[in-house]
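First comes the structure, then the notes that go with it.
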Amino acid sequence: MKKIILIALIIVTTFSCDVLEVEPQNSIPAAEAFKTKEDIDKGILGAYATFQSLSYYGRTYSIFSDLGADNLAHPLAATATEYAEVDNNNILPENSSIDGIWSVIYDGINVTNNVIDKVPGIADMTDAEKNKALGELYFIRALNHFNVLNYFGAVPIKVTPTVGVGNLDVPRDPVEAVYSQIINDLLFASENLPTSGNKVRTSKYAAKALLARVYLYKGEYAQAVTLATDVIQNGGYTLLSDYAEVFEADQSPESIFEIYFSQTERNRIAEYNFPTALNGRREVEPSADLLTAYETSDERYDATIAFAGTSAYAIKYDDLSLGADNFVVLRLSEMYLIRAEAEANKTTPNVEAIQSDINQIRNRANLSSTSETSLAQLLRIIEKERRVEFAFEGHRWFDLVRTGRAIAVLPNVNTVNQTLFPIPSDEIQTNNDPGMTQNPGY
58 MKKIILIALI IVTTFSCDVL EVEPQNSIPA AEAFKTKEDI DKGILGAYAT
108 FQSLSYYGRT YSIFSDLGAD NLAHPLAATA TEYAEVDNNN ILPENSSIDG
158 IWSVIYDGIN VTNNVIDKVP GIADMTDAEK NKALGELYFI RALNHFNVLN
208 YFGAVPIKVT PTVGVGNLDV PRDPVEAVYS QIINDLLFAS ENLPTSGNKV
258 RTSKYAAKAL LARVYLYKGE YAQAVTLATD VIQNGGYTLL SDYAEVFEAD
308 QSPESIFEIY FSQTERNRIA EYNFPTALNG RREVEPSADL LTAYETSDER
358 YDATIAFAGT SAYAIKYDDL SLGADNFVVL RLSEMYLIRA EAEANKTTPN
408 VEAIQSDINQ IRNRANLSST SETSLAQLLR IIEKERRVEF AFEGHRWFDL
458 VRTGRAIAVL PNVNTVNQTL FPIPSDEIQT NNDPGMTQNP GY
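Counting from 58, one number per residue, gives the positions in the sequence shown under this note's numbering.
And the structure:
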(Lines of atoms letter the chains of each structure in order from A; the text may use other names.)
(Lines give C-alpha, C1' and ligand atoms only; values in the text may rest on other atoms or scores of the structure.)
Protein backbone atom coordinates (compact mmCIF):
# COMPACT_ATOMS: atom_id res chain seq x y z
CA MET A 58 0.00 0.00 0.00
CA LYS A 59 1.03 3.65 -0.04
CA LYS A 60 3.16 3.54 3.07
CA ILE A 61 6.14 1.31 3.72
CA ILE A 62 4.71 -0.47 6.72
CA LEU A 63 7.53 -1.95 8.74
CA ILE A 64 5.53 -4.46 10.69
CA ALA A 65 8.55 -6.03 12.29
CA LEU A 66 6.73 -5.41 15.52
CA ILE A 67 3.21 -5.47 16.82
CA ILE A 68 2.27 -2.66 19.16
CA VAL A 69 -0.44 -3.72 21.56
CA THR A 70 -2.43 -1.12 23.40
CA THR A 71 -3.04 -1.75 27.09
CA PHE A 72 -6.72 -2.29 27.84
CA SER A 73 -8.19 -1.93 31.28
CA CYS A 74 -11.05 -4.44 31.19
CA ASP A 75 -10.16 -7.91 32.45
CA VAL A 76 -10.21 -9.91 29.22
CA LEU A 77 -7.98 -7.33 27.56
CA GLU A 78 -5.54 -6.83 30.41
CA VAL A 79 -2.14 -7.16 28.74
CA GLU A 80 1.21 -5.49 28.95
CA PRO A 81 2.16 -3.42 25.89
CA GLN A 82 4.89 -4.89 23.73
CA ASN A 83 6.91 -2.29 21.86
CA SER A 84 9.87 -2.83 19.53
CA ILE A 85 9.67 -6.61 19.56
CA PRO A 86 11.05 -8.23 16.36
CA ALA A 87 8.41 -10.27 14.55
CA ALA A 88 10.53 -13.42 14.74
CA GLU A 89 10.55 -13.17 18.52
CA ALA A 90 7.09 -11.72 19.13
CA PHE A 91 5.09 -14.87 18.35
CA LYS A 92 6.21 -18.00 20.15
CA THR A 93 3.25 -18.93 22.35
CA LYS A 94 -0.53 -18.72 22.31
CA GLU A 95 -0.25 -15.84 24.76
CA ASP A 96 1.81 -13.96 22.17
CA ILE A 97 -0.87 -14.65 19.56
CA ASP A 98 -3.56 -13.32 21.90
CA LYS A 99 -1.58 -10.13 22.40
CA GLY A 100 -1.25 -9.86 18.64
CA ILE A 101 -5.02 -10.23 18.27
CA LEU A 102 -5.49 -7.39 20.75
CA GLY A 103 -3.11 -5.32 18.66
CA ALA A 104 -5.33 -5.96 15.64
CA TYR A 105 -8.40 -4.81 17.60
CA ALA A 106 -6.50 -1.72 18.75
CA THR A 107 -6.32 -0.34 15.20
CA PHE A 108 -10.10 0.17 15.35
CA GLN A 109 -9.49 2.79 18.07
CA SER A 110 -7.69 5.19 15.74
CA LEU A 111 -9.11 8.71 15.52
CA SER A 112 -9.33 8.16 11.77
CA TYR A 113 -11.47 5.10 12.40
CA TYR A 114 -14.06 4.32 15.10
CA GLY A 115 -12.35 6.83 17.38
CA ARG A 116 -13.92 9.65 15.37
CA THR A 117 -13.77 10.12 11.61
CA TYR A 118 -15.01 6.92 9.98
CA SER A 119 -18.44 6.92 11.57
CA ILE A 120 -18.90 10.72 11.59
CA PHE A 121 -18.29 10.94 7.84
CA SER A 122 -21.13 8.53 7.06
CA ASP A 123 -23.62 10.85 8.75
CA LEU A 124 -21.88 14.01 7.50
CA GLY A 125 -21.72 12.89 3.88
CA ALA A 126 -25.42 12.10 4.12
CA ASP A 127 -28.15 14.23 5.72
CA ASN A 128 -27.82 13.50 9.44
CA LEU A 129 -24.93 15.83 10.25
CA ALA A 130 -23.85 19.22 8.94
CA HIS A 131 -20.61 21.19 9.16
CA PRO A 132 -21.35 24.47 10.99
CA LEU A 133 -20.23 27.74 9.42
CA ALA A 134 -18.02 28.53 12.40
CA ALA A 135 -16.26 25.14 12.30
CA THR A 136 -12.66 24.97 11.14
CA ALA A 137 -11.98 21.51 9.66
CA THR A 138 -11.98 22.03 5.88
CA GLU A 139 -11.81 18.26 5.33
CA TYR A 140 -15.19 18.00 7.06
CA ALA A 141 -16.64 20.81 4.95
CA GLU A 142 -15.69 18.91 1.79
CA VAL A 143 -17.54 15.82 2.97
CA ASP A 144 -20.59 17.85 4.00
CA ASN A 145 -20.71 19.46 0.55
CA ASN A 146 -19.95 16.16 -1.22
CA ASN A 147 -17.12 17.94 -2.99
CA ILE A 148 -14.19 15.90 -1.73
CA LEU A 149 -10.65 16.40 -2.97
CA PRO A 150 -8.35 13.36 -3.29
CA GLU A 151 -5.91 15.32 -1.10
CA ASN A 152 -8.38 15.31 1.81
CA SER A 153 -6.22 14.25 4.75
CA SER A 154 -9.12 12.77 6.72
CA ILE A 155 -10.06 10.51 3.81
CA ASP A 156 -6.41 9.50 3.55
CA GLY A 157 -6.50 8.71 7.26
CA ILE A 158 -9.46 6.35 6.85
CA TRP A 159 -7.77 4.49 3.98
CA SER A 160 -4.40 4.29 5.73
CA VAL A 161 -5.62 3.10 9.13
CA ILE A 162 -7.83 0.41 7.61
CA TYR A 163 -4.98 -1.02 5.60
CA ASP A 164 -2.67 -0.71 8.60
CA GLY A 165 -5.26 -2.73 10.53
CA ILE A 166 -5.47 -5.34 7.80
CA ASN A 167 -1.69 -5.63 7.73
CA VAL A 168 -1.40 -6.06 11.49
CA THR A 169 -4.07 -8.75 11.29
CA ASN A 170 -2.35 -10.55 8.43
CA ASN A 171 0.94 -10.56 10.32
CA VAL A 172 -0.69 -12.33 13.25
CA ILE A 173 -2.58 -14.75 10.96
CA ASP A 174 0.73 -15.66 9.36
CA LYS A 175 2.19 -16.74 12.71
CA VAL A 176 -0.70 -18.84 14.06
CA PRO A 177 0.07 -22.12 12.23
CA GLY A 178 3.57 -22.28 13.69
CA ILE A 179 2.67 -21.89 17.38
CA ALA A 180 3.56 -25.15 19.08
CA ASP A 181 1.54 -24.78 22.28
CA MET A 182 -1.81 -24.23 20.52
CA THR A 183 -4.24 -27.03 19.69
CA ASP A 184 -5.95 -27.05 16.31
CA ALA A 185 -9.15 -25.82 17.98
CA GLU A 186 -7.27 -22.94 19.62
CA LYS A 187 -5.65 -22.04 16.32
CA ASN A 188 -9.01 -22.03 14.55
CA LYS A 189 -10.52 -19.85 17.27
CA ALA A 190 -7.65 -17.37 16.97
CA LEU A 191 -7.93 -17.37 13.19
CA GLY A 192 -11.70 -16.90 13.44
CA GLU A 193 -11.20 -13.79 15.53
CA LEU A 194 -8.56 -12.45 13.13
CA TYR A 195 -10.65 -13.24 10.05
CA PHE A 196 -13.55 -11.31 11.57
CA ILE A 197 -11.29 -8.29 12.11
CA ARG A 198 -9.94 -8.55 8.56
CA ALA A 199 -13.45 -8.92 7.12
CA LEU A 200 -14.74 -5.86 8.97
CA ASN A 201 -11.79 -3.84 7.70
CA HIS A 202 -12.24 -4.93 4.09
CA PHE A 203 -15.99 -4.30 4.32
CA ASN A 204 -15.52 -0.82 5.72
CA VAL A 205 -13.00 0.29 3.11
CA LEU A 206 -15.15 -1.23 0.34
CA ASN A 207 -18.18 0.79 1.40
CA TYR A 208 -16.44 4.15 1.09
CA PHE A 209 -14.20 3.54 -1.92
CA GLY A 210 -15.72 0.75 -4.02
CA ALA A 211 -13.21 -1.60 -5.65
CA VAL A 212 -10.20 -1.85 -3.32
CA PRO A 213 -7.14 -4.07 -2.93
CA ILE A 214 -7.70 -7.37 -1.14
CA LYS A 215 -4.85 -7.93 1.29
CA VAL A 216 -4.50 -11.42 2.79
CA THR A 217 -0.71 -11.62 3.21
CA PRO A 218 1.55 -9.49 5.39
CA THR A 219 3.39 -6.50 4.02
CA VAL A 220 6.84 -6.40 5.60
CA GLY A 221 9.50 -3.94 4.50
CA VAL A 222 9.06 -2.85 0.88
CA GLY A 223 7.44 -6.02 -0.43
CA ASN A 224 4.08 -6.17 -2.27
CA LEU A 225 3.33 -2.46 -1.82
CA ASP A 226 2.20 -1.88 -5.42
CA VAL A 227 -1.14 -3.64 -5.79
CA PRO A 228 -4.23 -3.18 -7.97
CA ARG A 229 -7.81 -2.58 -6.98
CA ASP A 230 -9.80 -5.81 -6.93
CA PRO A 231 -13.37 -6.02 -8.28
CA VAL A 232 -16.14 -5.37 -5.78
CA GLU A 233 -17.45 -8.93 -6.15
CA ALA A 234 -14.02 -10.35 -5.34
CA VAL A 235 -13.78 -8.18 -2.21
CA TYR A 236 -17.21 -9.37 -1.11
CA SER A 237 -16.18 -12.98 -1.66
CA GLN A 238 -13.14 -12.53 0.57
CA ILE A 239 -15.22 -10.86 3.27
CA ILE A 240 -17.85 -13.61 3.19
CA ASN A 241 -15.27 -16.41 3.27
CA ASP A 242 -13.56 -14.83 6.28
CA LEU A 243 -16.86 -14.42 8.12
CA LEU A 244 -18.05 -17.94 7.35
CA PHE A 245 -14.86 -19.32 8.87
CA ALA A 246 -15.25 -17.01 11.87
CA SER A 247 -18.87 -18.02 12.44
CA GLU A 248 -17.90 -21.69 12.42
CA ASN A 249 -14.92 -21.43 14.77
CA LEU A 250 -15.69 -18.70 17.31
CA PRO A 251 -17.36 -19.29 20.70
CA THR A 252 -21.07 -18.60 20.97
CA SER A 253 -20.68 -15.61 23.25
CA GLY A 254 -18.21 -13.67 25.31
CA ASN A 255 -17.01 -10.20 26.11
CA LYS A 256 -18.53 -7.92 23.47
CA VAL A 257 -15.32 -6.01 22.77
CA ARG A 258 -14.06 -9.25 21.26
CA THR A 259 -15.97 -10.98 18.54
CA SER A 260 -18.07 -14.14 18.77
CA LYS A 261 -19.95 -16.60 16.58
CA TYR A 262 -23.04 -14.42 16.55
CA ALA A 263 -21.11 -11.21 15.99
CA ALA A 264 -19.67 -12.85 12.87
CA LYS A 265 -23.17 -13.92 11.81
CA ALA A 266 -24.56 -10.43 12.48
CA LEU A 267 -21.85 -8.83 10.34
CA LEU A 268 -22.46 -11.45 7.68
CA ALA A 269 -26.18 -10.55 7.69
CA ARG A 270 -25.20 -6.92 7.06
CA VAL A 271 -22.80 -7.94 4.29
CA TYR A 272 -25.45 -10.05 2.55
CA LEU A 273 -27.94 -7.17 2.77
CA TYR A 274 -25.47 -4.72 1.24
CA LYS A 275 -24.58 -7.24 -1.47
CA GLY A 276 -28.24 -7.83 -2.30
CA GLU A 277 -28.30 -11.51 -1.31
CA TYR A 278 -31.55 -11.17 0.55
CA ALA A 279 -32.44 -14.77 1.39
CA GLN A 280 -29.07 -15.20 3.10
CA ALA A 281 -29.52 -11.92 4.97
CA VAL A 282 -32.90 -13.08 6.29
CA THR A 283 -31.45 -16.42 7.39
CA LEU A 284 -28.47 -14.92 9.21
CA ALA A 285 -30.45 -12.12 10.87
CA THR A 286 -33.05 -14.64 12.05
CA ASP A 287 -30.34 -16.86 13.50
CA VAL A 288 -28.90 -13.95 15.48
CA ILE A 289 -32.34 -12.82 16.69
CA GLN A 290 -33.45 -16.29 17.77
CA ASN A 291 -30.23 -17.86 19.00
CA GLY A 292 -27.73 -15.12 19.81
CA GLY A 293 -28.98 -14.47 23.32
CA TYR A 294 -29.33 -10.71 22.81
CA THR A 295 -32.23 -8.61 24.12
CA LEU A 296 -34.02 -5.69 22.52
CA LEU A 297 -34.05 -3.28 25.45
CA SER A 298 -37.36 -1.70 26.34
CA ASP A 299 -35.69 1.68 26.86
CA TYR A 300 -33.76 2.84 23.79
CA ALA A 301 -31.55 5.17 25.83
CA GLU A 302 -30.13 2.24 27.80
CA VAL A 303 -28.31 1.02 24.70
CA PHE A 304 -25.84 3.90 25.13
CA GLU A 305 -25.94 4.50 28.87
CA ALA A 306 -23.45 1.72 29.65
CA ASP A 307 -21.02 -0.35 27.66
CA GLN A 308 -21.93 -3.87 26.54
CA SER A 309 -25.67 -3.66 27.02
CA PRO A 310 -27.82 -6.78 26.47
CA GLU A 311 -28.72 -5.40 23.03
CA SER A 312 -25.12 -4.95 21.95
CA ILE A 313 -23.47 -7.59 19.77
CA PHE A 314 -20.01 -6.12 19.11
CA GLU A 315 -18.33 -2.93 20.31
CA ILE A 316 -15.02 -1.11 19.91
CA TYR A 317 -13.38 -0.71 23.30
CA PHE A 318 -12.37 2.75 24.53
CA SER A 319 -11.08 3.97 27.88
CA GLN A 320 -9.51 7.10 29.33
CA THR A 321 -6.15 5.87 28.01
CA GLU A 322 -7.51 4.70 24.63
CA ARG A 323 -10.04 7.46 24.15
CA ASN A 324 -12.30 8.44 21.30
CA ARG A 325 -12.98 12.03 20.29
CA ILE A 326 -16.53 11.64 19.05
CA ALA A 327 -18.10 13.82 21.76
CA GLU A 328 -15.37 16.44 21.33
CA TYR A 329 -16.23 16.92 17.66
CA ASN A 330 -20.00 16.92 18.31
CA PHE A 331 -20.36 19.03 21.46
CA PRO A 332 -20.85 22.82 21.26
CA THR A 333 -17.99 25.16 22.16
CA ALA A 334 -20.08 26.37 25.10
CA LEU A 335 -19.65 22.86 26.56
CA ASN A 336 -15.94 22.74 25.64
CA GLY A 337 -16.45 20.78 22.46
CA ARG A 338 -15.11 21.65 19.00
CA ARG A 339 -18.49 21.50 17.21
CA GLU A 340 -17.09 20.42 13.88
CA VAL A 341 -20.46 18.78 13.19
CA GLU A 342 -24.04 19.34 14.27
CA PRO A 343 -27.35 17.54 13.67
CA SER A 344 -28.83 18.70 10.38
CA ALA A 345 -32.04 20.70 10.37
CA ASP A 346 -33.55 17.93 8.26
CA LEU A 347 -32.76 15.26 10.86
CA LEU A 348 -34.30 17.34 13.66
CA THR A 349 -37.63 17.20 11.86
CA ALA A 350 -37.34 13.54 10.81
CA TYR A 351 -38.49 12.17 14.18
CA GLU A 352 -42.17 11.63 14.84
CA THR A 353 -43.57 13.60 17.79
CA SER A 354 -43.61 10.82 20.37
CA ASP A 355 -40.40 9.10 19.23
CA GLU A 356 -38.37 8.42 22.38
CA ARG A 357 -35.20 8.07 20.33
CA TYR A 358 -35.07 11.83 19.83
CA ASP A 359 -34.16 12.69 23.42
CA ALA A 360 -31.70 9.80 23.58
CA THR A 361 -29.94 11.01 20.44
CA ILE A 362 -30.03 14.82 20.44
CA ALA A 363 -29.59 17.45 23.14
CA PHE A 364 -29.52 21.25 23.14
CA ALA A 365 -27.20 23.84 24.63
CA GLY A 366 -29.39 26.91 24.26
CA THR A 367 -30.47 26.71 20.64
CA SER A 368 -27.52 24.58 19.55
CA ALA A 369 -28.39 20.94 18.90
CA TYR A 370 -25.72 18.28 19.33
CA ALA A 371 -25.39 14.50 19.23
CA ILE A 372 -25.27 12.73 22.60
CA LYS A 373 -25.14 8.98 21.96
CA TYR A 374 -21.42 9.18 22.67
CA ASP A 375 -21.26 11.84 25.35
CA ASP A 376 -18.10 11.20 27.40
CA LEU A 377 -16.42 14.49 26.54
CA SER A 378 -13.96 14.50 29.43
CA LEU A 379 -12.56 10.98 29.00
CA GLY A 380 -13.77 9.74 25.61
CA ALA A 381 -14.15 6.34 27.26
CA ASP A 382 -17.50 5.20 25.88
CA ASN A 383 -17.37 2.16 23.61
CA PHE A 384 -18.54 2.45 20.03
CA VAL A 385 -21.36 0.03 19.18
CA VAL A 386 -20.73 -1.58 15.79
CA LEU A 387 -23.45 -4.25 15.82
CA ARG A 388 -26.64 -4.45 17.86
CA LEU A 389 -29.85 -6.44 17.82
CA SER A 390 -32.20 -3.78 16.49
CA GLU A 391 -30.22 -3.77 13.24
CA MET A 392 -30.95 -7.46 12.78
CA TYR A 393 -34.70 -6.76 12.83
CA LEU A 394 -34.37 -4.01 10.23
CA ILE A 395 -31.98 -6.07 8.12
CA ARG A 396 -34.48 -8.91 8.14
CA ALA A 397 -37.37 -6.56 7.29
CA GLU A 398 -35.52 -4.93 4.39
CA ALA A 399 -34.18 -8.20 3.02
CA GLU A 400 -37.64 -9.81 3.24
CA ALA A 401 -39.16 -6.83 1.41
CA ASN A 402 -36.69 -7.35 -1.43
CA LYS A 403 -37.30 -11.07 -1.84
CA THR A 404 -39.21 -12.40 -4.85
CA THR A 405 -42.13 -13.54 -2.68
CA PRO A 406 -42.01 -11.38 0.45
CA ASN A 407 -44.00 -12.01 3.60
CA VAL A 408 -45.64 -8.64 4.29
CA GLU A 409 -46.76 -9.59 7.79
CA ALA A 410 -43.21 -10.58 8.72
CA ILE A 411 -41.91 -7.26 7.41
CA GLN A 412 -44.52 -5.34 9.41
CA SER A 413 -43.72 -7.33 12.54
CA ASP A 414 -39.99 -6.54 12.40
CA ILE A 415 -40.60 -2.87 11.71
CA ASN A 416 -43.07 -2.69 14.57
CA GLN A 417 -40.61 -4.25 17.01
CA ILE A 418 -38.44 -1.18 16.45
CA ARG A 419 -41.24 1.37 16.25
CA ASN A 420 -43.06 0.12 19.35
CA ARG A 421 -39.84 0.17 21.37
CA ALA A 422 -39.55 3.85 20.42
CA ASN A 423 -43.13 4.50 21.62
CA LEU A 424 -44.50 4.74 18.09
CA SER A 425 -47.62 3.11 16.71
CA SER A 426 -47.43 0.02 14.53
CA THR A 427 -47.48 0.28 10.78
CA SER A 428 -50.16 -1.51 8.81
CA GLU A 429 -48.70 -0.49 5.44
CA THR A 430 -48.84 -3.26 2.83
CA SER A 431 -47.19 -1.61 -0.16
CA LEU A 432 -43.66 -2.98 -0.52
CA ALA A 433 -42.41 0.30 -1.93
CA GLN A 434 -43.79 2.17 1.06
CA LEU A 435 -42.50 -0.43 3.51
CA LEU A 436 -39.01 0.06 2.10
CA ARG A 437 -39.31 3.83 2.63
CA ILE A 438 -40.47 3.19 6.21
CA ILE A 439 -37.47 0.93 6.81
CA GLU A 440 -35.17 3.59 5.34
CA LYS A 441 -36.57 6.18 7.74
CA GLU A 442 -36.47 3.82 10.71
CA ARG A 443 -32.83 3.06 10.00
CA ARG A 444 -32.12 6.78 9.79
CA VAL A 445 -33.47 7.64 13.23
CA GLU A 446 -32.62 4.33 14.91
CA PHE A 447 -28.95 4.53 13.91
CA ALA A 448 -28.41 8.30 13.75
CA PHE A 449 -24.76 9.14 14.53
CA GLU A 450 -23.76 5.47 14.41
CA GLY A 451 -22.29 5.68 10.92
CA HIS A 452 -24.95 3.99 8.76
CA ARG A 453 -26.77 6.70 6.82
CA TRP A 454 -24.39 7.32 3.89
CA PHE A 455 -23.98 3.61 3.25
CA ASP A 456 -27.74 3.04 3.40
CA LEU A 457 -28.47 5.70 0.78
CA VAL A 458 -25.63 4.64 -1.51
CA ARG A 459 -26.31 0.89 -1.42
CA THR A 460 -30.03 1.37 -2.11
CA GLY A 461 -29.39 3.80 -4.97
CA ARG A 462 -31.22 6.54 -3.10
CA ALA A 463 -28.36 9.01 -2.53
CA ILE A 464 -29.01 11.17 -5.60
CA ALA A 465 -32.75 11.36 -4.88
CA VAL A 466 -32.33 12.21 -1.19
CA LEU A 467 -29.13 14.27 -0.88
CA PRO A 468 -29.12 17.75 -2.47
CA ASN A 469 -25.32 17.81 -2.88
CA VAL A 470 -25.11 14.45 -4.64
CA ASN A 471 -25.89 14.90 -8.31
CA THR A 472 -24.00 12.09 -10.03
CA VAL A 473 -23.21 8.45 -9.28
CA ASN A 474 -19.52 9.41 -9.18
CA GLN A 475 -20.16 11.25 -5.93
CA THR A 476 -21.38 8.10 -4.22
CA LEU A 477 -17.81 6.85 -3.85
CA PHE A 478 -15.08 8.71 -1.99
CA PRO A 479 -11.86 9.43 -3.90
CA ILE A 480 -8.89 7.11 -3.56
CA PRO A 481 -6.38 9.22 -1.56
CA SER A 482 -3.95 11.05 -3.82
CA ASP A 483 -0.95 9.68 -1.91
CA GLU A 484 -2.05 6.15 -2.78
CA ILE A 485 -2.47 7.01 -6.45
CA GLN A 486 0.92 8.71 -6.58
CA THR A 487 2.97 6.09 -4.74
CA ASN A 488 1.27 2.85 -5.77
CA ASN A 489 2.82 2.05 -9.14
CA ASP A 490 0.53 -0.81 -10.08
CA PRO A 491 -1.44 0.16 -13.22
CA GLY A 492 -4.53 -1.31 -11.59
CA MET A 493 -4.50 1.35 -8.87
CA THR A 494 -6.79 3.87 -10.56
CA GLN A 495 -8.78 6.82 -9.27
CA ASN A 496 -12.56 6.68 -8.91
CA PRO A 497 -14.39 8.42 -11.76
CA GLY A 498 -14.99 12.15 -11.32
CA TYR A 499 -11.92 12.86 -9.17
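Even glycine gets a Cβ: it sits at the ideal position worked out from N, Cα and C.
Please read all numbers here as calculations on a predicted model, not as lab measurements.
By the neighbour-count criterion, in which 16 or more other beta carbons inside 10 Å mark a residue as buried, Phe209 falls on the buried side. Here the alpha carbons of Gln417 and Gly293 stand approximately 17 Å from one another. Counting along the chain, the unbroken alpha helix (DSSP H) around Ala190 starts and ends at 184-209. CA-to-CA, the gap between Val205 and Ile162 works out to about 7 Å.
In this structure, DSSP gives Asp127 a state outside helix and strand, which the three-state scheme calls coil.
Spanning the alpha carbons of Gly100 and Thr219 requires a straight line of approximately 16 Å.
Closest option to Ala410, judged by alpha-carbon separation, among Leu424, Ala422, Leu435: Leu435. Within a 10 Å sphere around the beta-carbon of Val303 sit 16 or more other beta-carbons, which makes this residue buried. With a cutoff of 7 Å on beta-carbon distance, Ser247 and Gly254 are scored as not near each other. At a Cβ-Cβ threshold of 7 Å, Leu267 and Leu389 do not count as neighbours. About 15 Å separates the beta carbons of Gly380 and Tyr118, which is beyond the 8 Å limit, so they are not a contact pair.
Here Glu342 is bridged, per DSSP, to Ala130. In this structure, the alpha-carbon of Glu484 lies about 46 Å from that of Asn407. Within the DSSP secondary-structure output, Phe364 pairs in a beta bridge with Ala369.
Cβ atoms of Ile313 and Val271 stay farther apart than 8 Å, at about 14 Å.
With at least 16 other beta carbons inside 10 angstroms of its own, Gln412 counts as buried. In the structure shown, Arg323 falls within a coil segment according to DSSP collapsed to helix, strand and coil. Within its own chain, the residues whose Cβ lies closer than 7 Å to the Cβ of Leu424, once the five positions on either side in sequence are excluded, are Glu352, Ser354, Asp355, listed in chain order. Counting C-beta atoms within 10 angstroms of its own C-beta, Pro481 has 16 or more neighbours from the protein chains shown and is therefore classed as buried.
Closest by C-alpha distance to Asp174, out of Trp159, Leu243, Asp156, Leu194, is Leu194. Where Arg443 is concerned, the enclosing alpha helix (DSSP H) starts and stops at 432-446. When secondary structure is reduced to three states using DSSP, Asp414 falls in the helix class.
The beta carbons of Asn201 and Ile166 sit closer together than 7 Å. Following the DSSP letters along the chain, one finds Arg388 inside the beta strand (DSSP E) bounded by residues 384-388.
In the DSSP secondary-structure assignment, Phe91 is not bridged to any residue.
Membership of Ser153 in the alpha helix (DSSP H) is indicated by the continuous run 153-175. Around the CB of Ala104, 16 or more other CB atoms lie within 10 Å, so the residue is classed as buried.
A direct Cα-to-Cα measurement between Met182 and Thr217 gives close to 21 Å.
Beyond the five residues adjoining it in sequence on each side, Leu111 comes within less than 7 Å, by CB distance, of Thr117, Arg325 in the same chain, given in chain order. Following the DSSP letters along the chain, one finds Phe314 inside the beta strand (DSSP E) bounded by residues 312-316.
In this structure the segment 129-140 does not touch the segment 282-291; the number of beta carbon pairs closer than 8 Å is below three. Per DSSP, the beta bridge partners of Val212 are Asp230. Counting only residues of its own chain and dropping the five nearest sequence neighbours on each side, Arg338 has a CB closer than 6 Å to the CB of Glu328, Tyr329. For Thr136, there is no enclosing alpha helix (DSSP H), as DSSP marks it with neither H nor E. In the displayed model, Val470 falls within coil according to three-state DSSP, outside both helix and strand. From the listed residues Ala360, Asp144, Asp127, the smallest Cα separation to Leu347 is found for Asp127.
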